[in-house]
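See structure below.
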Amino acid sequence: MPERRQFLCGVATAATVGLAGCSGGGGDGGDDGEDSGNGAVPANIAFDGDAGEHLELTPTARFENKEFGDTMIVEGTAQNTADNLRLHVELVVEMERYLKTGTASKSIEPGGSWEFTIELSDVDPDRIDEYTLRATYTDPPEEV
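Residue numbers for the sequence shown follow the working numbering, so the first one is 42 and each next one is one higher.
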């Protein structure tokens, strides 16, 4: 079984993006939760090793007031830009002021995309200045 590479080794911050916590407007979707965020929540996008060579991420973050407190919801698209590689991807959301993380994983076919959603419950929106969305391979890419 291959050991995971250390995240600090080979991590490249690809982009820091200002992400809308609430895009306003009325009537779009059946969202019962109210936005209780602090506006834009910047994301640091980091890739472990060479995961950034064939993977593009476009995340957004928002907060919803749920029954047991606020929940941070990070959602977006992961795009496999390779022509002939299946990617086995894991995404991890980390926040500096919280020890909790949220994860999601999936295999993405060449040229395919994945609409992901990662939720972290019981967080205080006023204490979230930014978050990191880290991408890594769970297995080496497969040629198809």
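Yeah, the Cβ is synthetic: ideal placement off N, Cα and C, and Gly gets one too.
Inter-residue Cα distance where the pair is residue i and residue j
i, j, result
"residue 175", "residue 111", "22 Å"
"residue 177", "residue 134", "12 Å"
"residue 173", "residue 138", "12 Å"
"residue 156", "residue 148", "12 Å"
"residue 119", "residue 84", "15 Å"
"residue 168", "residue 82", "11 Å"
"residue 114", "residue 125", "32 Å"
"residue 136", "residue 151", "31 Å"
"residue 95", "residue 121", "6 Å"
"residue 179", "residue 130", "6 Å"
"residue 106", "residue 142", "19 Å"
"residue 153", "residue 93", "15 Å"
"residue 165", "residue 90", "32 Å"
Reduced DSSP secondary structure (H/G/I, E/B, other) of residue i
i, result
"residue 89", "coil"
"residue 111", "strand"
"residue 94", "helix"
"residue 100", "strand"
"residue 167", "helix"
"residue 74", "Bear in mind that the predicted position of residue 74 carries a pLDDT of just 41, short of 50, making it unreliable; the figure below should be weighed with that in mind. Residue state, collapsed to three classes: coil."
"residue 185", "coil"
"residue 179", "strand"
"residue 118", "strand"
"residue 84", "strand"
Burial state of residue i (16 or more Cβ within 10 Å)
i, result
"residue 88", "buried"
"residue 100", "buried"
"residue 109", "exposed"
"residue 66", "Confidence at residue 66 is low in this model, with a pLDDT of 34, below 50, so its placement is unreliable and no value can be given for it."
"residue 144", "exposed"
"residue 140", "exposed"
"residue 47", "The predicted model places residue 47 with a pLDDT of 31, which falls under 50 and marks its position as unreliable; any figure quoted below should be read in that light. The residue in question, residue 47, is exposed, as its Cβ has fewer than 16 Cβ neighbours within 10 Å."
"residue 185", "exposed"
Beta-carbon separation (whole angstroms), residue i vs residue j, contact threshold 8 Å
i, j, result
"residue 182", "residue 127", "7 Å"
"residue 116", "residue 158", "4 Å"
> What beta strand (DSSP E) runs, 3 residues minimum, are completely inside the segment 125–172?
Replying inline: 126–135, 142–149, 154–162
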